[in-house]
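Student: Mind the numbering: the sequence shown is residues 1 to 81 in the UniProt record's numbering, read in order.
Positions of the beta carbon are idealized from the N, C-alpha and C atoms, including for glycine.
Quick one: the structure is below, questions incoming.
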Amino acid sequence: MSLLEVEDMSDLRSVFKEMVGEVLENGLEAELDDELGHSRYDYRNKDTENSRNGHSRKTMKTSAGEVEIAVPRDRNRVFMP
């Protein structure tokens with residue numbers, strides 16, 4: 001749902017929850033980039049044996065309510081957000 005489709009407060013809460021989820025996911029991706037020392041497709045700067053290994057779904061309790069997010073994983077299980 002986009003902001004243009006908001007018709008009532010319930011819709012607005014849904015959009016806000018989606019936004020909170022996206023911010024959390026982007027923050028976790030950036031944190032994993034920092035942990036690994038390279039961004040997702042930057043193989044030239046990769047100097048570690050560890051790499052990304054998909055995502056797991058988690059439900060987080062936030063002030064906006066429960067939000068389901070995709071938490072990135074690393075192959076060596078070093079990344080603990």
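Given a cut-off of 8 Å on the beta-carbon distance, is the pair Gly27 and Val67 in contact?
Tutor: On the sequence shown, position 27 is the one that residue 27 refers to. On the sequence shown, position 67 is the one that residue 67 refers to. Their beta carbons are not under 8 Å apart, which means Gly27 does not touch Val67 by this criterion.
Student: For Glu66, list the residues DSSP reports as bridge partners.
Tutor: For the purposes of this step, residue 66 is identified with residue 66 of the sequence shown, where counting begins at 1. Answer is Lys61, bridged to Glu66.
Student: May I ask whether a heavy atom of the ligand SAH can be found less than 7 Å away from the beta carbon of Asp42?
Tutor: Here there are no bound small molecules, and the ligand SAH is not part of this structure.
Student: Taking only the alpha-carbon atoms, compute the straight-line gap between Ala64 and Arg13 and give it to the nearest angstrom.
Tutor: The residue labelled residue 64 in the question sits at position 64 within the sequence shown. The residue labelled residue 13 in the question sits at position 13 within the sequence shown. Going from the Cα of Ala64 to the Cα of Arg13 covers about 7 Å.
Student: On a Cα-Cα basis, can you pick out the residue from Phe79, Met60, Arg77 and Met80 that is closest to Glu18?
Tutor: Position 18 of the sequence shown, counting from 1, holds the residue named residue 18. Cα-wise, what sits closest to Glu18 is Met60.
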